[in-house]
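K.L.:
Structure below; questions to follow.
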Amino acid sequence: MYNSGAYRYWKEQEGQGTFDEKGFEKYVKRLMKSDVGGKENIVEDARMFYAEKQGDWASFIKMATERLDKGGMSDFIVYNWGIRLNVECQDPVFREAIAALMERRAKELSTSTEPSDIQMMKSFESIADRIRHPEKYKKQSSVVTISGKVNALRPGENVVQVVKQEGRSKQVIDSCTIQSDGTYEMKVTVKNPGLYELDCQRGQKATIWLGDEDVSVDFPGFGTSKFKVMRPAYYAVKGGTNNEVLDVLNWESMRFMRMVGDIGRVLYGCKDLSAETQRELNETLGNTCRAEYFDCISHWADIYADRESVVVLLSQLQDDKYNAVVERIAKKLTEAYPNSEAVRNFNITLEQKKRLYEGMPAPEFSLLTADGKSKLGPSDFRGKVLVIDFWASWCGPCRGEIPNVKKAYETYHEKGVEFLSVSIDKDEVAWRKALEDEQMPWCQVLAPQAGKEVKELYQFSAIPFIVVIDREGKIVGKNLRGQILLNKLEELTR
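The working numbering numbers the first residue of the sequence shown as 324 and each following residue consecutively.
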């Protein structure tokens, strides 16, 4: 709740931004009087965000230096400071100041023998060099044509936008109006080749690769229906070898979602089956579909291992069974595309992920319990098997998984297995209501800032995300649900 509120004091309209400083300072006073965990970080993150938006790089550098001096900052966040300033700031004085901070962090990591620290050290050295010598990395801009057709027009929203993710926000790079016959076309200047999003009628979205080749995408459109119904759809992406990869991903994703949906509809129609049997069958068949989907993605990643855009497939392969495939292809990409922004960003994420491989120590956190009397984290359960369930009250699949977790608790708690639910709710009131509704008999904690820190520590974006930690505090399973979770706990308690 507080994390999202921290950023609402910047308003943009027609390319112009305004900062409600008085409103923000009132918000800060309210926040600092609360018992919200991590409130200092919330305020500091927001202040740097507003300084960046206003082009106040002196304040941005000052805050970055102070936070680095205090220590405890995530390398991923510090690295992104450099990325953001490199893109947005042209002043040589401030560029040198942030480059010096990046270089400083690289030197601090230079004494470590950990592979992940060595990789981050190289990343800090690289971004420092990019900031100091942009001419070495300057690429020739290209102009590409993006076109296609929208079948069902929607009055007032017939617009197609090209969007680029920039830090925690999205930036509209270009846009065009859909013509009365459903066609659209725009010329886009591409300064940084890579992954972009094409948004049709503010809702139907396709990931595309923009480089030096024209792109074509057709959309079904929402038409004049009262509500925008987000059905699984295949958006064919055509244009260039890199977009062949995106096209495959779009197809496999649509196929997977439709299979899961079909299974649910068929089982719902089987009135002679009990609700419990329907749920178990839905889970088993869903897991089978999920396994097939990721095996297909792994197959296509091997097929397209020479394409720069294959990083989007590698990003899908989170299960440890694919680690060898991902690392092998990532190594080839790094050699083939040494200056690629997409490959560089993927490698940073990969190094973060390696810290969560099975057998690695579970990242530590300490969060306030529901009664507010103590804090809990993985180390508090050392000597016992621990199940951590990352969830939220608003997440339907999370609520649907709770009966499975209860079954695991009832079966294995007496055998020495402990359970800890970590909510990433923004709204504390909604979280507490869900606790009353669900009556989960194990420990409950709420992660501040909508779970920003724990999501980064445990490298997840979708929930429920269930992690199992052994008695020595090492990760032995991730993203386990239903019977698969029960099987893992049975194995650990024999």
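Idealized CB from N, CA, C, for every residue including glycine.
Name the residue from Lys-797, Ala-369 and Lys-362 whose alpha carbon lies nearest to the alpha carbon of Trp-333.
P.N.:
Closest by alpha carbon: Ala-369.
K.L.:
Can you say whether Gln-484 is buried or exposed, counting buried as having 16 or more other CB atoms within 10 angstroms of its CB?
P.N.:
Classification for Gln-484: buried.
K.L.:
Identify, in the order they occur along the chain, each residue of the same chain with its Cβ nearer than 8 Å to the Cβ of Glu-480, setting aside the five sequence neighbours on each side.
P.N.:
Closer than 8 Å at Cβ, skipping near neighbours: Gln-524, Arg-525 and Phe-545.
K.L.:
Return the chain-ordered list of same chain residues with a C-beta closer than 6 Å to the C-beta of Cys-619, the five sequence neighbours on each side being excluded.
P.N.:
Answer for Cys-619: Glu-575, listed in chain order.
K.L.:
If you follow the alpha helix (DSSP H) that Asp-541 is part of, which residue opens it and which one closes it?
P.N.:
Where Asp-541 is concerned, there is no enclosing alpha helix (DSSP H), given that its DSSP letter is neither H nor E.
K.L.:
Could you tell me the distance, in whole angstroms, from the CA atom of Ala-647 to the CA atom of Ile-626?
P.N.:
Taking the straight line from one Cα to the other gives about 15 Å.
K.L.:
Specify, as a first and last residue, the run of the alpha helix (DSSP H) that Trp-717 falls within.
P.N.:
Where Trp-717 is concerned, there is no enclosing alpha helix (DSSP H), given that its DSSP letter is neither H nor E.
K.L.:
Does DSSP classify Tyr-591 as helix, strand or coil?
P.N.:
Tyr-591: helix per DSSP, three-state reduction.
K.L.:
What whole-angstrom Cβ distance do Phe-277 and Phe-713 have, given they're in contact under 8 Å?
P.N.:
As displayed, the chain neither begins before 324 nor continues past 817, which places residue 277 out of reach and without an answer.
K.L.:
Scan the segment 599-679 and note each continuous alpha helix (DSSP H) run of 4 residues or more that stays entirely inside, going in chain order.
P.N.:
Correct list: 634-637, 646-659 and 664-677.
K.L.:
Is Met-324 helix, strand or coil by DSSP?
P.N.:
Any reading at Met-324 needs caution, since the residue's pLDDT is 37, under 50, leaving its predicted position unreliable; the model's value is listed next. Of the three classes helix, strand and coil, the one that applies to Met-324 here is coil, per DSSP.
K.L.:
Which residues in the same chain as Gly-346 place their Cβ atom closer than 6 Å to its Cβ, once the five residues preceding and following it in sequence are excluded?
P.N.:
Closer than 6 Å at the Cβ level, and outside the excluded window around Gly-346, lie Tyr-332.
K.L.:
Apply the 10 Å Cβ neighbour rule to Ser-746 and answer buried if 16 or more other Cβ atoms are within range, or exposed otherwise.
P.N.:
The residue in question, Ser-746, is buried, as its Cβ has 16 or more Cβ neighbours within 10 Å.
K.L.:
Determine the burial state of Met-355: buried for a count of at least 16 other Cβ atoms within 10 Å of its Cβ, exposed for fewer.
P.N.:
Exposed is the call here.
K.L.:
Is the segment 738-758 in contact with the segment 771-780, if contact means three or more CB pairs nearer than 8 Å?
P.N.:
Yes, they touch.
K.L.:
How would you label Gly-562, buried or exposed, when you count the other beta carbons within 10 angstroms and need 16 or more for buried?
P.N.:
Buried, because 16 or more other Cβ atoms sit within 10 Å of the Cβ of Gly-562.
K.L.:
Quick test of your reading: Ala-693 and Ser-716, contact by CB under 8 Å. State the CB separation rounded to the nearest angstrom.
P.N.:
So it is not a contact: roughly 13 Å between Cβ atoms.
K.L.:
Give a yes or no on contact between the segment 628-646 and the segment 592-607, applying the rule of three or more CB pairs nearer than 8 Å.
P.N.:
Cβ pair count under 8 Å is below three, so no.
K.L.:
Quick one: what does DSSP say Lys-487 is sitting in, helix, strand or coil?
P.N.:
Lys-487 falls in the strand class under three-state DSSP.
K.L.:
Take the Cβ of Asn-326 as the centre, count every other Cβ of all protein chains shown within 10 Å, and call the residue buried at 16 or more, exposed below.
P.N.:
Residue placement at Asn-326 cannot be trusted, given a pLDDT of 44 that sits under 50; what the coordinates show is reported in the next sentence. Buried: at least 16 other Cβ atoms inside 10 Å.
K.L.:
For Met-443, which of helix, strand or coil comes out of DSSP?
P.N.:
It is helical.
K.L.:
Please report the residue range of the alpha helix (DSSP H) in which Met-509 lies.
P.N.:
Unbroken run through Met-509 is the beta strand (DSSP E), 506-513; no alpha helix (DSSP H).
K.L.:
In whole angstroms, what separates the C-alpha of Asn-573 from that of Lys-696?
P.N.:
When rounded, the distance between both Cα atoms is 47 Å.
K.L.:
Rounded to the nearest angstrom, what separates Lys-654 and Glu-411 at their Cα positions?
P.N.:
Spanning the two alpha carbons is a distance of roughly 30 Å.
K.L.:
Hey, which unbroken runs of the alpha helix (DSSP H) at 4 residues or more fall wholly within the segment 718-784?
P.N.:
The segment 718-784 contains these whole alpha helix (DSSP H) runs: 719-735, 751-761 and 771-781.
K.L.:
Tell me which residues share the same chain as Cys-612 and place their Cβ nearer than 8 Å to its Cβ, disregarding the 5 neighbours each side in the sequence.
P.N.:
Within the same chain, Cys-612 has close Cβ partners Phe-579, Met-582, Val-583 and Ile-586.
K.L.:
Let's see if you can read the secondary structure: which residues bound the alpha helix (DSSP H) around Asp-392?
P.N.:
Segment 380-393, the alpha helix (DSSP H) holding Asp-392.
K.L.:
State the DSSP-derived secondary structure class of Lys-811, mapped to helix, strand or coil.
P.N.:
In the structure shown, Lys-811 sits in a helix (DSSP, three-state: H, G or I).
K.L.:
Which residues bound the alpha helix (DSSP H) around Tyr-350?
P.N.:
Element bounds for Tyr-350: 344-356.
K.L.:
Flag this pair as yes or no: are the beta carbons of Asp-522 and Lys-528 separated by less than 8 Å?
P.N.:
Closer than 8 Å, so yes.
K.L.:
Rounded to whole angstroms, what is the Cα-Cα separation between Val-366 and Lys-487?
P.N.:
If you take the alpha carbons of Val-366 and Lys-487, they lie about 26 Å apart.
K.L.:
Going by DSSP in three states, Leu-424 sits in which element: helix, strand or coil?
P.N.:
Leu-424 falls in the helix class under three-state DSSP.
K.L.:
What is the DSSP secondary structure of Tyr-557, reduced to helix, strand or coil?
P.N.:
It is coil, neither helix nor strand.
K.L.:
Does the segment 388-405 come into contact with the segment 422-438, if we say contact requires no fewer than three beta-carbon pairs (one atom in each stretch) closer than 8 Å?
P.N.:
Short answer: they touch.
K.L.:
If contact is defined by three or more beta carbon pairs under 8 Å, each pair taking one atom from either stretch, is the segment 500-515 in contact with the segment 432-446?
P.N.:
They do not touch, by the three-pair rule.
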